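Mapped onto this note's numbering, the consecutive letters of the sequence shown carry residue numbers 88 to 388.
Worksheet: the structure to be examined is printed underneath.
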Amino acid sequence: MHALIPFPEISPELFTIAIGGNEFALRWYALAYIAGILIAWQLAVMAVKRPALWPDQTAPMQPKQVEDLITWIILGVVLGGRLGFVLFYQPGYYLSNPLEILRIWQGGMAFHGGLLGVVVASWIFAARNNIPKMQMADLVAYTVAPGLMLGRLANFINAELWGRASDLPWSVIFPGHAAQECGQPAGELCARHPSQLYEATLEGLVLGALILFLVYRRRAFLRPGLILGVFMAGYGCARFLVEFFRQPDLQFVSVGNPMGLAWQIDGYGLTQGQALSLPMIALGVFFVLRARRRLGHEAQV
Numbered sequence: 088m089h090a091l092i093p094f095p096e097i098s099p100e101l102f103t104i105a106i107g108g109n110e111f112a113l114r115w116y117a118l119a120y121i122a123g124i125l126i127a128w129q130l131a132v133m134a135v136k137r138p139a140l141w142p143d144q145t146a147p148m149q150p151k152q153v154e155d156l157i158t159w160i161i162l163g164v165v166l167g168g169r170l171g172f173v174l175f176y177q178p179g180y181y182l183s184n185p186l187e188i189l190r191i192w193q194g195g196m197a198f199h200g201g202l203l204g205v206v207v208a209s210w211i212f213a214a215r216n217n218i219p220k221m222q223m224a225d226l227v228a229y230t231v232a233p234g235l236m237l238g239r240l241a242n243f244i245n246a247e248l249w250g251r252a253s254d255l256p257w258s259v260i261f262p263g264h265a266a267q268e269c270g271q272p273a274g275e276l277c278a279r280h281p282s283q284l285y286e287a288t289l290e291g292l293v294l295g296a297l298i299l300f301l302v303y304r305r306r307a308f309l310r311p312g313l314i315l316g317v318f319m320a321g322y323g324c325a326r327f328l329v330e331f332f333r334q335p336d337l338q339f340v341s342v343g344n345p346m347g348l349a350w351q352i353d354g355y356g357l358t359q360g361q362a363l364s365l366p367m368i369a370l371g372v373f374f375v376l377r378a379r380r381r382l383g384h385e386a387q388v
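Here is the structure:
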């Protein structure tokens, strides 16, 4: 079995600097975070500088406040993402090894936890600055997709979070143990779905393009909560779909559960990613329906 997409020989590290006997490296994943935050910042500033996009011709905040908001969001992403991974995926391990929770540099971040962290941080910031919370939520949701796309591309470069075994012509033979774990005959490597690229396309490119269209062509900010709902439902649906092709988390895989289902009855069920996405989809649909029923100036909460 041969992959038509050869795995690129790109180092996970852009460069490494040795200082005082210690090595410091800039990795693609870190660069994706930095670039995603900078893009989000510029998108938010661009939106608040156009009062015509907002109810009553008034943007919810000033461009200078966006800079302060970004700091809060960074804290929300890091703390929420890490705690989400600890609670959703490996609570038993971290309960026994609590100091390991602090070792963020070793990896282990959950998007759903990061989202909750951003929600909490944005809510607090809005309350402290007397900003309409639903408009704040729309502004944040409108900026997220580019960072998601860059993050998934970095996952691909790092050869992590790869997909299930596949014989489709665009399957990829990832390096390391990913190529050895599908029960192939001796000497044959295992090709897998490039699920990171599926997620980059759906969660980043497609969802991001839809949100930009709704904001600038359909003036969706005039209905507070609409962009928030579209993002939550869109991301939830994209993640739910890609989970069918993504390799499940190892802690859920066993001889009796080769599909890695976290919730199952008689062999049918959901992966952990799908289970966490269902509430997002439900909440997203709720916010969309709520926004469509109410005029923009009535929905400021």
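Note that beta-carbon positions come from the ideal geometry of N, C-alpha and C, so glycine has one too.
These numbers were taken from a predicted model, which means no experiment stands behind them.
So which of the options has the shortest CA-CA distance to residue i?
| i | options | result |
| --- | --- | --- |
| N216 | F261, A197, L156 | L156 |
| E100 | A241, G295, E154 | A241 |
| V153 | I298, L226, L276, G356 | L226 |
| P138 | A122, Q222, G168, V206 | Q222 |
| R379 | Y181, W159, R305 | R305 |
| A325 | W350, P219, L284 | L284 |
| A443 | M133, A287, G168 | Here the chain covers residues 88 to 388 and nothing more, so residue 443 does not appear. |
| A214 | F102, T288, W159 | W159 |
| D336 | C277, L294, D143, R251 | R251 |
| F373 | G201, G321, G163 | G321 |
| P142 | I124, V302, P366, R333 | V302 |
| I211 | A349, L162, R239, E187 | L162 |
| I131 | T230, Q351, L202, P366 | For clarity, residue 131 is Ala in the given sequence; the question names Ile instead. Comparing Cα-Cα distances from A131 to each of T230, Q351, L202, P366, the minimum goes to T230. |
| F243 | P366, I106, Y116 | Y116 |
| L202 | Y180, N184, L170 | L170 |
| P366 | A146, C277, I104, G316 | G316 |
| E286 | Q334, P185, A266 | Q334 |
| P36 | I104, I124, S98, I106 | Given that the chain is displayed from residue 88 to residue 388, the structure contains no residue 36 and the question cannot be resolved. |
| R239 | E275, S282, V207 | S282 |
| K220 | I97, I104, S98, I314 | I314 |
| E96 | G295, N184, G263 | G263 |
| V207 | L166, P185, I104 | L166 |
For residue i, I'd like the list of residues in its chain whose CB is within less than 7 Å of its CB, leaving aside the five on either flank, ordered along the chain.
| i | result |
| --- | --- |
| F331 | none |
| K136 | P150 |
| L363 | F175, H199 |
| F261 | F94, A246, W249, R279 |
| W350 | G356, L357, A362 |
| A266 | I260, L276, C277 |
| Q359 | F175, Y176, D336, F339, A349 |
| I126 | P233, G234 |
| C269 | A252, C277 |
| T145 | P138 |
| I298 | Y229, A232, I314, V317, F318 |
If residue i and residue j are in contact, beta carbons under 8 Å, what's the gap, nearest whole angstrom?
| i | j | result |
| --- | --- | --- |
| L235 | G291 | 5 Å |
| L370 | M319 | 5 Å |
| I218 | M148 | 6 Å |
| V205 | V259 | Not really, about 31 Å apart at Cβ, beyond 8 Å. |
| L118 | F102 | Not quite, the Cβ-Cβ distance comes to about 11 Å (not below 8 Å), so this is no contact. |
What residues in its chain sit with their C-beta under 6 Å from that of residue i, if we drop five residues either side in the sequence?
| i | result |
| --- | --- |
| Q361 | F327, E330 |
| G195 | F172 |
| V209 | The displayed chain sequence assigns Ser, not Val, to residue 209. Around S209: M223, V227. |
| A389 | Nothing can be reported for residue 389, as the shown portion of the chain is limited to 88 through 388. |
| L289 | A325 |
| I188 | V173, Y181 |
| R381 | none |
| W128 | I157 |
| A296 | none |
Got a sec? Which residues, its chain only, sit under 8 Å from residue i by beta carbon, not counting five neighbours each side?
| i | result |
| --- | --- |
| I368 | M319, A320, G323, C324, F327 |
| G179 | none |
Exercise. Between the stretch 248-256 and the stretch 310-326, do at least 3 Cβ pairs fall closer than 8 Å?
Worked result: no
For this session: Would you mind listing the beta strand (DSSP E) stretches within the stretch 345-375 that are 3+ residues and don't spill past its ends, in chain order?
Result: 350-352, 355-357
Problem set entry | beta strand (DSSP E) runs wholly inside the stretch 240-306, at least 3 long, in chain order | none
For this session: Taking only runs that begin and end inside the stretch 106-190, name each unbroken beta strand (DSSP E) of 3 or more residues, in chain order.
Result: 109-114
For this session: State whether the stretch 119-138 contacts the stretch 169-183, with contact taken as three or more CB pairs (one from each stretch) at a distance under 8 Å.
Result: no
Exercise. Going along the chain, which unbroken runs of the alpha helix (DSSP H) with 4 or more residues stay wholly within the stretch 199-247?
Worked result: 220-230, 232-244
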